[in-house]
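In the working numbering, the protein residues as written are 9 to 144. Shown next, in structure tokens, is the structure this report addresses.
See the structure below:
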């Protein structure tokens, strides 16, 4: 009888030790699932149009040195809101707007080229309309 109890105890200890990581792993899995579920929920949409912090136009063409018009005013307004660039919202994409664009791109961790394309527009719109702007 003593041999049987010793054998059972000898088997039970490794099994109980093996179950502990499984219990911790189940807890970790539940926590990971909760975090992933939270991240996958739809967030509030960033304003565009009348509720947008800058409302010169809804167009988002590629902009570069020499561009002009309402779309440049939109970009300049976004740059002022997003990083407090201090630009005159005059609709002319000059050296100061290019420099502010580069500063924004570097701050945002995106490609730094001084031009405003799809990626930069996306980041500008989001950052400028964020409640805790300006950044950087």
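In this text, a Cβ means the ideal position worked out from N, Cα and C, and glycines have one as well.
Quick one: Cα of residue 90 to Cα of residue 36, how far?
37 Å
Within a Cβ cutoff of 8 Å, which residues of the same chain sit near residue 111, ignoring the five residues on either side of it in sequence?
91, 93 and 144
Over what stretch of residues does the alpha helix (DSSP H) that includes residue 111 continue unbroken?
103-116
Contact check, residue 86 vs residue 138, beta carbons under 8 Å
no
Is the beta carbon of residue 70 less than 8 Å from the beta carbon of residue 123?
yes
In the DSSP assignment, the alpha helix (DSSP H) including residue 131 goes from what residue to what residue?
126-136
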